[in-house]
Amino acid sequence: MDSYELRLWLLVACLCLFGVGVYLLVLRSRRKEERARVAELAALAERLGGVLEDRSAGALPWSAESSRAMGSQYGSLLKWLGRASAARFDHALEFTRNGWRVRVTEASMEVATSTSTRTARETRIEVATNDLVSLKIKQVYGGGGGGGSVADMPPTVARQEQPLWMQLRLPASVDHAYVAYTSDLAGAAHVFNPDMVELLLARTRRPVLQNLCLDSGIAWTVFEQPIHEVFLLRLVDAIIELLELVPGAKQRVSAA
Numbered sequence: 002m003d004s005y006e007l008r009l010w011l012l013v014a015c016l017c018l019f020g021v022g023v024y025l026l027v028l029r030s031r032r033k034e035e036r037a038r039v040a041e042l043a044a045l046a047e048r049l050g051g052v053l054e055d056r057s058a059g060a061l062p063w064s065a066e067s068s069r070a071m072g073s074q075y076g077s078l079l080k081w082l083g084r085a086s087a088a089r090f091d092h093a094l095e096f097t098r099n100g101w102r103v104r105v106t107e108a109s110m111e112v113a114t115s116t117s118t119r120t121a122r123e124t125r126i127e128v129a130t131n132d133l134v135s136l137k138i139k140q141v142y143g144g145g146g147g148g149g150s151v152a153d154m155p156p157t158v159a160r161q162e163q164p165l166w167m168q169l170r171l172p173a174s175v176d177h178a179y180v181a182y183t184s185d186l187a188g189a190a191h192v193f194n195p196d197m198v199e200l201l202l203a204r205t206r207r208p209v210l211q212n213l214c215l216d217s218g219i220a221w222t223v224f225e226q227p228i229h230e231v232f233l234l235r236l237v238d239a240i241i242e243l244l245e246l247v248p249g250a251k252q253r254v255s256a257a
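Going by this note's numbering, the sequence shown opens with residue 2, and the numbers climb by one from there.
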């Protein structure tokens, strides 16, 4: 081996060592961030009188079979090309709020950027109730009719012998601001009683809960942010406020 080849191999070795070093530093930084995140969520769980689970304990939402983790990152070739890792549920908090059992899960995925990757996160909030009519409702703006994921039939409905998933005609006072789909038009129509319509109308002026799914004894919503205490409790209270107006809705100890 002449001196040129030796220098070339030394350069390659140095570059490999540099790459390994950078990888180890990034890995160390992420593990440090993860430990800090677990400590933060454990403190939140304690304040709420609940418990915290991580991936090793199976931090799955009750509605895991109804909707995948990081569902907004799927559905197109562009999104497929942008995914740098698989989606996963990382953490789950479970606690009771005003007598209602609540489960909150945080999911994550590495997403490619122009120069590196970033961690995208989403939070799913679930409240256990009795088995109500399957219904999805989403707040829209400017009279937009895009149903998006609301128009997607839940797996629990799709497995029925004669599955139906239909757009619900909402009361005139709120049909400009919401779109809804259901498996039972008559049953879902009863959900939108005068008190419910008044609440939804009020929320068009102060948006909090922008999407909601009722299915298999679970009321749940998803938003594309990590778990944050103040925003989390606002959404939990918004779901509970709505459930307390749904005819026949009852508290349930657990949805498991």
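Ideal Cβ placement from N, Cα and C applies to all residues, glycine included.
To which residues of the same chain is MET183 closer than 7 Å at the C-beta, ignoring the five residues directly before and after it? Here residue 183 turns out to be Thr, not Met, going by the sequence shown. Only VAL134, SER135, LEU136, MET167, LEU169, ALA189 meet the Cβ criterion.
If you check the beta carbons only, do ARG235 and VAL209 fall under 8 Å apart? yes
Of the residues ALA40, THR120, ARG125, ALA250, the one placed nearest LEU213, counting alpha carbons only: ARG125
Looking at the structure shown, is THR157 part of a helix, part of a strand, or coil, going by DSSP? helix
What are the residues that DSSP puts in a beta bridge with ASP55? HIS92
Can you list the beta strand (DSSP E) stretches of 3 or more residues lying completely in the region 156 to 242, in chain order? 179 to 183, 212 to 216, 219 to 224
Could you check where the beta strand (DSSP E) with LEU136 kicks off and where it finishes? 136 to 140
Comparing alpha-carbon positions, which option in GLN226, ALA220, ASP55 lies nearest ASN131? ALA220
Taking only three categories from DSSP, how would you classify SER64? coil
Beta-carbon contacts of LEU94 that lie in its chain and below 6 Å, excluding the five residues immediately before and after: ALA46, GLY51, LEU53, VAL105
Contact belief for PRO156 with GLU66 at Cβ below 8 Å, rounded distance in angstroms: 6 Å
GLY145 in three-state terms, based on DSSP: Any reading at GLY145 is ruled out, since the residue's pLDDT is 49, under 50, leaving its predicted position unreliable.
DSSP state of ARG253, grouped into three classes? coil
Helix, strand or coil: how does DSSP classify ARG38 here? helix
Check the C-beta distance from GLU107 over to ARG89 and give it rounded, since I have them as a contact under 8 Å. Wrong, their Cβ atoms sit about 10 Å apart, outside the cutoff.
Would THR205 and ALA173 be called neighbours here (beta carbons separated by less than 8 Å)? no
Here's a check: name, in chain order, each residue in its chain whose Cβ is nearer than 6 Å to the Cβ of ALA240, leaving out the five neighbours to either side. Per the sequence presented here, residue 240 reads as Ile, with Ala not at that position. For ILE240, where only same-chain residues beyond five positions count, the Cβ hits under 6 Å are VAL128, ALA220.
What first and last residue would you give for the beta strand (DSSP E) that runs through GLU111? 101 to 113
Please report the residue range of the beta strand (DSSP E) in which GLU1 lies. Nothing in the structure corresponds to residue 1, since the chain is present only between 2 and 257.
Among the residues of its own chain, which have a CB less than 6 Å from the CB of ALA37, if the five just before and after it don't count? none
Quick one: measure Cβ to Cβ for LEU49 and PHE96, integer angstroms, because I've assumed they're closer than 8 Å. 4 Å
Can you tell me the Cα-Cα spacing of THR118 and ALA60, whole angstroms? 24 Å
C-beta contact flag for LEU202 and LEU243 at 8 Å: no
Could you pull out every residue in the same chain whose Cβ sits closer than 7 Å to the Cβ of GLY145, ignoring the five residues on either side in sequence? At GLY145, the pLDDT of 49 sits below 50, so the modelled position is not reliable; the number obtained from the coordinates is stated separately. Here the set comprises nothing.
Since I believe VAL151 is in contact with LYS139 (beta carbons under 8 Å), could you give me their beta-carbon distance rounded to a whole number of angstroms? 4 Å
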